[in-house]
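>
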Amino acid sequence: MAESDDLAEVAEIRDKCAFLQDMAKTVFRNLDAQNRAAASKLRAERKAGKMLAAMRLRGGDRRSSGHGDRLKLHDLGISHNDSKRWQKRASIPDEWFEAYLATAEKLGEEISASGLERTARKAERATRSEEGSSVSANDGCAKEARDGPANENTNRPDDRSEVKSPARDEEVSEPSPSGVALLGHADEILGNAKGHCDTLARLVSPLAQDPDAELLPATRRGLVRYVDELQRTLNELLNLSESKNECRS
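Residue 699 in our numbering sits at position 39 of the sequence shown, and the numbers go up by one each step.
1) According to DSSP, is Arg703 part of a helix, a strand, or is it coil?
2) Three or more C-beta pairs under 8 Å: does that hold for the stretch 734–742 against the stretch 775–784?
3) Thinking C-beta only, is Ala678 closer than 9 Å to Asp888?
4) Is the separation between the beta-carbon of Leu680 and that of Gly768 shorter than 9 Å?
5) In this structure, how does DSSP classify Val687 when only helix, strand and coil are distinguished?
6) Quick check for students: name the residue ranges of the alpha helix (DSSP H) that lie wholly in the stretch 736–807, counting only runs of 4 or more.
7) Can you tell me the Cα-Cα spacing of Asp665 and Ser903, whole angstroms?
8) Quick check: Leu890 and Ala853, are their CB atoms within less than 9 Å of each other?
9) What distance in whole Å lies between the Cβ atoms of Ala697 and Arg674, which are believed to be in contact at a cut-off of 8 Å?
10) Can Leu761 and Leu702 be called in contact, C-beta distance under 9 Å?
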């Protein structure tokens with residue numbers, strides 16, 4: 661895959677890895693095999709995302725119409741949503757990506773796209789916090805060098821600007837509404853549902869094309885399990901939608 665310059669081939673490798681990941685998780689229940697397939701799938705998605713970003717097939721550019729771009733993505737068998745997700749995952753720095761895989765393997769955790777993006781968000785927040793602290797420290801040193809040491813009376817209790825500032829800071833630091841978390845969880849559930857649908861399609865397609873095809877025991881177990889998983893995932897999504905409506909009211 662690392663040597664391939666064919667986007668369609670990389671996307672096909674990604675789909676095969678997704679299939680192996682789902683089979684390892686739901687049929688064989690083997691976390692090691694599941695994570696190996698998941699890591700390979702993420703690598704393929706990141707490579708495809710970088711290729712898509714270079715090709716500018718996201719919604720039109722000055723040389724082509726939006727319709728033409730959508731047609732190209734369709735010809736490659738890649739949806740607009742997949743293109744957007746893969747490019748987002750490709751933008752994650754390599755060191756963050758490799759660190760996530762190593763940590764998940766060490767802790768025996770499940771490797772997933774949502775886990776990677778969650779880790780990347782935490783790393784980005786930590787980086788911004790460090791940069792902000794560095795800038796604040798530098799600004800403080802520069803101010804002291806310019807204006808001299810701060811007057812000890814500047815922090816008097818009756819100074820209104822100093823008294824009100826903590827209240828504003830507390831307001832800003834309040835947790836974001838639960839609806840934001842619900843939306844993130846909904847996106848993860850939709851991704852799982854799509855994965856189950858894709859796997860079911862791969863299992864059923866050969867049977868539909870060849871009436872004489874034999875239904876292997878592993879395939880039969882996979883069909884039953886994926887139907888159950890899909891029903892459970894859709895029910896979870898419906899419950900999440902009801903919770904979201906309750907938050908709005």
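In this text, a Cβ means the ideal position worked out from N, Cα and C, and glycines have one as well.
None of these values were measured; they are calculated from a predicted model.
From the atom records:
1) helix
2) no
3) no
4) no
5) coil
6) 740–750, 754–767, 773–807
7) 45 Å
8) yes
9) Actually they are not in contact, since the Cβ atoms of Arg674 and Ala697 sit about 11 Å apart, beyond 8 Å.
10) yes
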